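A.B. asks: Numbering (my numbering), first residue to last: 1 to 306.
Here a beta-carbon is modelled for each residue, glycine too, at the ideal position from N, C-alpha and C.
Keep in mind it's a predicted model, so treat the numbers as computed, not measured.
Can you keep this structure in mind? I'll have questions shortly.
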Ligand SMILES: Cc1cc2nc3c(=O)[nH]c(=O)nc-3n(C[C@H](O)[C@H](O)[C@H](O)COP(=O)(O)OP(=O)(O)OC[C@H]3O[C@@H](n4cnc5c(N)ncnc54)[C@H](O)[C@@H]3O)c2cc1C
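Right under this line is the structure:
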């Protein structure tokens, strides 16, 4: 119930305007977002890399409203690749892209062209891009663009969401050599017609998808903070005889940092998703929706300012 309210709020421009101008926001945002500028993101990335982690950087923003916004998001990513190269942070730093920020809801060809430009820059810099997965109305379009991008940039990864009923089939399609699939539970409010609704169903789907990816020939990227799923991931790695370098764990900036280090110490590549930018509102609301305890954190921040 609370999750649905927060996820509905994540789509409200009115609440977004109120929240982004509230003085309290900054301290809460800081826990989950590396900062406003690319320089902030690079600083956070450098600190994580120094601890033996790898990173994927994401410029926050979604649902470009016009072609100018979409082009501006592409240009930010191109500048980011240049800055990563300059800071010698490739290949440990990759990029995560939301196609809706590149114009997917305006024109699929436009989003493809912008994503192809970012992938080309990433390839030239010796790194790679992973596509984030958004709500189910664009899943097909994202999968299609991913297939096209892989023709020229085979390292391009995609995110699949275990809560979607279709995902086991998508995992089967993407278990080929070289396929890079980030498996997460899914962060949007989705109807029962397309998505499992209970935690148990989602977790069971995650394990079925994990088994398919681990048995396949691709490179599974297990994006979860769930201790049970992490333990199952480690178990399946042994079962399917994968060495630690043949998969990776991924977690979000600010979530379970001690676990990130523990897994890295065990020899697994661990990639931290590092978001930055001013358009943090929808991202933050999804983080609050995932864990009601984060609302207490928000409450403490509010009280400390009154
Ligand atoms: C690298 C990465 C990329 C992602 N990309 C996408 C994407 O493209 N599309 C998409 O729909 N979703 C994406 N997600 C989000 C994902 O779908 C889940 O919503 C999120 O990871 C929470 O699920 P969980 O597997 O951690 O399990 P949960 O059951 O939600 O959490 C398990 C435990 O992890 C900790 N935890 C989880 N979330 C939080 C939080 N926000 N704050 C504090 N503690 C927390 C808590 O201890 C919790 O008990 C991504 C997640 C990661 C890690």
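Mapping DSSP to helix, strand and coil, what is residue 206?
C.D. replies: Three-state result, residue 206: helix.
A.B. asks: Consider the C-beta atom of residue 187 and the heavy atoms of ligand 1; say whether any pair is separated by less than 8 Å.
C.D. replies: Answer for residue 187: yes, Cβ within range of ligand 1.
A.B. asks: So what does DSSP say about residue 231, is it helix, strand or coil?
C.D. replies: It is helical.
A.B. asks: Are residue 10 and residue 289 touching if we call contact CB-CB under 9 Å?
C.D. replies: A contact, by the Cβ cut-off of 9 Å.
A.B. asks: How many angstroms separate the CA atom of residue 306 from the CA atom of residue 2?
C.D. replies: Model confidence at residue 306 stands at a pLDDT of 44, short of 50, so the residue's coordinates are unreliable and nothing is read from them.
A.B. asks: Assuming residue 324 contacts residue 96 (C-beta within less than 8 Å), just tell me the rounded distance between them.
C.D. replies: Any property of residue 324 remains undetermined from this structure, which presents the chain solely from 1 to 306.
A.B. asks: With hydrogens ignored, establish whether the beta-carbon of residue 252 is closer than 8 Å to any heavy atom of ligand 1.
C.D. replies: It does: the Cβ of residue 252 is within 8 Å (strictly closer) of some heavy atom of ligand 1.
A.B. asks: Exposed or buried, residue 243, counting other C-beta atoms within 10 Å across all chains shown (16 or more means buried)?
C.D. replies: Exposed, because fewer than 16 other Cβ atoms sit within 10 Å of the Cβ of residue 243.
A.B. asks: Can you list, in chain order, the residues of its chain with a C-beta nearer than 6 Å to that of residue 136? Leave out the 5 residues immediately preceding and following it.
C.D. replies: So the qualifying residues of the chain are 190 and 194.
A.B. asks: Are the CB atoms of residue 126 and residue 174 nearer to each other than 9 Å?
C.D. replies: Result no, Cβ atoms of residue 126 and residue 174 do not sit closer than 9 Å.
A.B. asks: How is residue 123 classed by DSSP in three states: helix, strand or coil?
C.D. replies: The answer is helix: DSSP assigns residue 123 an H, G or I state.
A.B. asks: Should the region 203 to 213 be regarded as contacting the region 136 to 151, the criterion being three or more beta carbon pairs within less than 8 Å?
C.D. replies: The region 203 to 213, when compared against the region 136 to 151, does not touch it at the 8 Å Cβ threshold.
A.B. asks: In chain order, what residues of the same chain lie with their CB nearer than 8 Å to the CB of residue 14, ignoring the 5 residues before and after it?
C.D. replies: Cβ neighbours of residue 14 beyond the five flanking positions: none.
A.B. asks: Using 9 Å as the threshold, is the C-beta distance between residue 253 and residue 60 below it?
C.D. replies: No.
A.B. asks: Work out the CA separation of residue 279 and residue 17 for me, nearest whole Å.
C.D. replies: Approximately 11 Å between the Cα atoms of the pair.
A.B. asks: Under 9 Å between the Cβ atoms of residue 42 and residue 72?
C.D. replies: Not in contact: residue 42 and residue 72 (Cβ atoms no closer than 9 Å).
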